[in-house]
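S.K.: Protein chains in written order, with the numbering used here: chain H, 1 to 114; chain Y, 115 to 229. For each residue, glycine too, the CB sits at the ideal point set by N, CA and C.
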Amino acid sequence: DSGVTQTPKHLITATGQRVTLRCSPRSGDLSVYWYQQSLDQGLQFLIQYYNGEERAKGNILERFSAQQFPDLHSELNLSSLELGDSALYFCASSARGNSGNTIYFGEGSWLTVV
Amino acid sequence: AQTVTQSQPEMSVQEAETVTLSCTYDTSESNYYLFWYKQPPSRQMILVIRQEAYKQQNATENRFSVNFQKAAKSFSLKISDSQLGDTAMYFCAFMKRNAGNMLTFGGGTRLMVKP
Numbered sequence: 001d002s003g004v005t006q007t008p009k010h011l012i013t014a015t016g017q018r019v020t021l022r023c024s025p026r027s028g029d030l031s032v033y034w035y036q037q038s039l040d041q042g043l044q045f046l047i048q049y050y051n052g053e054e055r056a057k058g059n060i061l062e063r064f065s066a067q068q069f070p071d072l073h074s075e076l077n078l079s080s081l082e083l084g085d086s087a088l089y090f091c092a093s094s095a096r097g098n099s100g101n102t103i104y105f106g107e108g109s110w111l112t113v114v
Numbered sequence: 115a116q117t118v119t120q121s122q123p124e125m126s127v128q129e130a131e132t133v134t135l136s137c138t139y140d141t142s143e144s145n146y147y148l149f150w151y152k153q154p155p156s157r158q159m160i161l162v163i164r165q166e167a168y169k170q171q172n173a174t175e176n177r178f179s180v181n182f183q184k185a186a187k188s189f190s191l192k193i194s195d196s197q198l199g200d201t202a203m204y205f206c207a208f209m210k211r212n213a214g215n216m217l218t219f220g221g222g223t224r225l226m227v228k229p
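Below, the structure is given as structure tokens:
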């Protein structure tokens, strides 16, 4: 158990809908990351937050957004969903946002868009 | 941009034997970190081992060790005394130093340990 908690574990929704994925980082970790794992694109970095502020952005679609709250939990919002958004979405956390900090992954949220 | 390549989509090994997974990467950076993550059927991403590029000594974690060849931009993972629980996808990942904490992953190698 990495200490990173993600909910829900599985989610099935229809095209055009909006979903929110939730993540609680390890206790004491200030930085949160979101990654997407799909058959087409492999594992891709989406976005990073550090202590409530956006730190880095990767291949995140404009239909997707995220935030980190004062209690350090994070949410990833996916809107106008398309079939191609079906993927495993990982949240990860590290103590700080500095390079070299070990990143610990949650178990992922399986999103299926039908 | 960095790229990470794992040229072996699938591998298999007999229980108790040794197997080596290959990884090459392309970067113009001189300071960086390299990682191997394991993803078992449960889908959780588990850190196996990490290597700091400025350290010449190869990292070792119990039965897992790496062969880091900086000039060749190669970072292979050796698993000794393979166990059934080692069956998983293995991902090589790159992280630039002093540029945030983002991981760039390779495409993965599926390892099957056979009894």
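May I have the straight-line CA-CA distance separating Ala-87 of chain H from Gln-128 of chain Y, to the nearest angstrom?
M.R.: On the first sequence, residue 87 of chain H is found 87 positions in, with the first residue counted as 1. On the second sequence, residue 128 of chain Y is found 14 positions in, with the first residue counted as 1. Their backbone Cα atoms lie some 32 Å apart in a straight line.
S.K.: Report the neighbours of Ser-24 of chain H on chain C: residues whose CB is nearer than 9 Å to its CB, in chain order.
M.R.: Included in the structure are the protein chains H and Y, with no chain C among them.
S.K.: Please list, in chain order, all residues of the same chain as Ser-188 of chain Y whose beta carbon is under 6 Å from its beta carbon, the five residues on each side excluded.
M.R.: In the second sequence, counting from the first residue as 1, residue 188 of chain Y sits at position 74. Closer than 6 Å at Cβ, skipping near neighbours: Thr-138.
S.K.: If Asn-51 of chain H and Asn-215 of chain Y are in contact, beta carbons under 8 Å, what's the gap, nearest whole angstrom?
M.R.: On the first sequence, position 51 is the one that residue 51 of chain H refers to. On the second sequence, position 101 is the one that residue 215 of chain Y refers to. About 13 Å separates the two Cβ atoms, so there is no contact after all.
S.K.: Using beta carbons (cut-off 8 Å, strictly below), is Phe-64 of chain H in contact with chain Y?
M.R.: Start at 1 with the first residue of the first sequence, and residue 64 of chain H comes out as number 64. Closer than 8 Å to the CB of Phe-64 of chain H there is not a single CB belonging to chain Y.
S.K.: Which residues, taken in chain order from the region 143-176 of chain Y, show a beta carbon closer than 9 Å to some beta carbon of chain H?
M.R.: Result list: Asn-145, Tyr-146, Tyr-147, Phe-149, Tyr-151, Gln-153, Ser-156, Arg-157, Gln-158, Met-159, Ile-160, Leu-161, Arg-164 and Glu-166.
S.K.: Between Gly-58 of chain H and Phe-90 of chain H, what straight-line distance do the alpha-carbon atoms span, to the nearest angstrom?
M.R.: Counted from its first residue, the first sequence places residue 58 of chain H at position 58. Counted from its first residue, the first sequence places residue 90 of chain H at position 90. About 14 Å.
S.K.: Should Asn-215 of chain Y be flagged as near chain H, meaning a C-beta pair shorter than 8 Å?
M.R.: Taking the first residue of the second sequence as 1, we reach residue 215 of chain Y at position 101. With 8 Å as the cut-off, Asn-215 of chain Y counts as an interface residue toward chain H.
S.K.: Tell me whether Gly-100 of chain H sits in a helix, a strand or coil according to DSSP, three-state version.
M.R.: As a first step, residue 100 of chain H is located in the first sequence; it is residue number 100 there, counting from the start. Here Gly-100 of chain H sits in coil by DSSP.
S.K.: I'd like to know if Ile-60 of chain H contacts chain Y, where contact means its C-beta is closer than 8 Å to some C-beta of that chain.
M.R.: For the purposes of this step, residue 60 of chain H is taken as residue 60 along the first sequence, with counting starting at 1. Judged by the 8 Å Cβ criterion, Ile-60 of chain H is not in contact with chain Y.
S.K.: Should Gln-17 of chain H be flagged as near chain Y, meaning a C-beta pair shorter than 8 Å?
M.R.: Indexing the first sequence from 1 puts residue 17 of chain H at position 17. Closer than 8 Å: no.
S.K.: When you compare only the Cα positions, how much space is there between Gly-199 of chain Y and Lys-228 of chain Y?
M.R.: Mapped onto the second sequence, residue 199 of chain Y falls at position 85. Mapped onto the second sequence, residue 228 of chain Y falls at position 114. Between Gly-199 of chain Y and Lys-228 of chain Y, the C-alpha separation is close to 10 Å.
S.K.: Output the distance between the C-alpha atoms of Ser-38 of chain H and Ala-202 of chain Y, rounded to the nearest integer angstrom.
M.R.: Reading the first sequence from its first residue, position 38 is the one you call residue 38 of chain H. Reading the second sequence from its first residue, position 88 is the one you call residue 202 of chain Y. Between Ser-38 of chain H and Ala-202 of chain Y, the C-alpha separation is close to 17 Å.
S.K.: If I measure Cβ to Cβ from Ser-136 of chain Y and keep anything under 7 Å in the same chain, skipping five residues before and after, which residues do I get?
M.R.: Numbered from its first residue, the second sequence carries residue 136 of chain Y at position 22. For Ser-136 of chain Y, where only same-chain residues beyond five positions count, the Cβ hits under 7 Å are Gln-120, Ser-121, Gln-122 and Ser-190.
S.K.: Excluding the five sequence neighbours on either side, which residues of its own chain have a C-beta within less than 7 Å of the C-beta of Phe-105 of chain H, listed in chain order?
M.R.: If you number the first sequence from 1, residue 105 of chain H lands on position 105. In the same chain as Phe-105 of chain H, and ignoring 5 residues on each side of it, the C-beta atoms closer than 7 Å to its own belong to Ser-2, Val-4, Phe-90 and Ala-92, in chain order.
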